Structure formats: structure tokens, C-alpha cells
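Numbering (our numbering), first residue to last: 14 to 211.
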């Protein structure tokens with residue numbers, strides 16, 4: 014069985030992301046539409062049976078294109094949201110820099126929380142637990158699953174699969190908007206060469 018991890022389409026990077034409920038921008042919609050068409054044109058190869066998506070607007074918008082094209086319903090899962098950046102979610106970068114100068118994901122201590130948000134270790138544990146449950150639920154079956162989520166989530170899964178120690182200060186893997194990262198559930202390896210970017 015294969016699990017296809019997809020990052021949402023491009024959003025407005027002049028705002029802080031995290032738990033922001035802002036939608037993807039026009040370019041992101043174009044990316045998501047192209048991806049959905051590609052997956053439809055190659056549906057025999059990908060053989061997707063389930064679509065799971067973070068419930069944030071930017072992921073649901075992306076997943077909706079794929080869902081409609083493949084006629085597969087979306088299972089919404091808040092556990093695969095990006096890191097909870099609390100009060101900074103959806104805030105203009107300029108405003109965030111004024112209100113919270115020097116506060117970024119990679120400046121937090123591992124157990125330090127965003128204001129009214131979560132800490133990097135809480136984020137990591139949430140994704141680690143979710144991924145473990147996903148492998149129990151789908152890992153031994155034959156139904157391929159597409160997961161629409163966020164770059165931070167996919168990065169943690171890369172670290173988990175490669176048995177690497179993760180922190181908010183480690184170098185991230187490249188996860189472009191609407192890229193596809195193919196995980197073989199048997200070999201527990203990513204097929205990075207099949208990553209698709211728009």
C-alpha cells in the first residue's frame with residue numbers, strides 16, 4: 014500500500030500560516046487543479062481509495078479539487094493541521110513582527126509554546142501519534158491513501174521514516190506546494206524521485 018502526502022496549494026506568504034484559516038491564492042488554486050487533473054489522468058497508477066485532509070481552509074480547498082475529480086469523499090482530520098501558532102495564526106507578518114518581535118517557529122525552545130498555541134514537542138508528538146495510528150489503520154491493507162496536509166507535518170514524517178531526530182531547528186526537507194511524496198507502507202521508504210511539483 015502507498016500513502017501519498019500532498020502539501021496544500023500556495024497561500025499568501027505575507028501572513029503567518031500555522032492554524033490560519035486563510036484560503037490558498039489564485040496560483041494555489043491553479044496548482045491544485047493541475048494536480049487533480051494529473052491524478053485523474055493517472056488514476057490507475059495511483060489507485061487512490063481514500064482522501065484524508067487537514068480541516069484548515071487551505072488544505073480543504075486543495076483536497077476538494079482532487080475529491081471532485083476522483084469522486085472520492087474527504088475525511089477531515091484536525092490532527093494533521095500545521096503547528097498551532099496560537100495568536101499569530103493568520104496575522105500579517107508586519108503585525109506579528111511588531112507584536113511578537115523575533116518570535117518564529119525556529120526560535121522557540123522545544124517545550125516553549127506559541128502564545129495560546131502549542132510547543133514544537135507537542136506538535137511533533139501529535140503528528141507522531143497520528144502517523145502511528147494511520148499505519149495501524151491503513152498500513153497493512155491494499156487501499157492507497159492520499160493525505161493533504163502541510164509542510165511541517167510532512168517534514169516530521171520524513172524524519173520519522175528515516176529514524177532521524179527532529180527539532181524545530183533541524184533542516185527541513187523540501188516540500189513544495191502541491192508536491193506529491195510517495196510512501197511505501199511495506200518498505201517504509203519515500204519514493205522521492207516521484208515527487209511532483211507545479
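Even glycine gets a Cβ: it sits at the ideal position worked out from N, Cα and C.
For clarity, every value in this text was computed on a predicted model and none was experimentally measured.
I'd like to know whether the C-beta atoms of residue 98 and residue 20 end up nearer to each other than 8 Å. Not a contact, by the Cβ cut-off of 8 Å.
When the Cα of residue 81 is compared with those of 196, 119, 48, which residue comes out closest? Ranked by Cα distance from residue 81, the options 196, 119, 48 are led by 48.
Output needed for residue 92: all residues of its chain with C-beta closer than 7 Å, excluding positions within five of it in sequence on either side, in chain order. Around residue 92: 139, 143.
Compare the beta carbon distance of residue 1 and residue 74 with 8 Å and say whether it is the shorter of the two. Only positions 14 to 211 of the chain appear in this structure, which leaves residue 1 out of reach.
When you compare only the Cα positions, how much space is there between residue 173 and residue 135? Residue 173 and residue 135 have their C-alpha atoms spaced approximately 15 Å apart.
Taking all protein chains shown into account, decide if residue 88 is buried (16 or more other Cβ within 10 angstroms of its Cβ) or exposed. It counts as exposed.
Nearest candidate by alpha-carbon position, reference residue 155, set 198, 192, 72, 188: Shortest Cα-Cα distance from residue 155 to any of 198, 192, 72, 188 involves 198.
Nearest-angstrom Cα separation, counted from residue 115 out to residue 94: Their Cα atoms are separated by approximately 24 Å.
Given 8 Å as the limit, is there contact between the segment 104 to 112 and the segment 58 to 66, that is, 3 or more CB pairs closer than that? Taking 8 Å as the limit for Cβ pairs, the verdict is that the segment 58 to 66 does not touch the segment 104 to 112.
Residue 54 (DSSP reduced to helix, strand or coil): In the structure shown, residue 54 sits in a helix (DSSP, three-state: H, G or I).
Beta-carbon proximity list for residue 18, same chain, < 7 Å, skipping 5 on both sides: Closer than 7 Å at the Cβ level, and outside the excluded window around residue 18, lie 160, 162, 167, 170, 194, 196.
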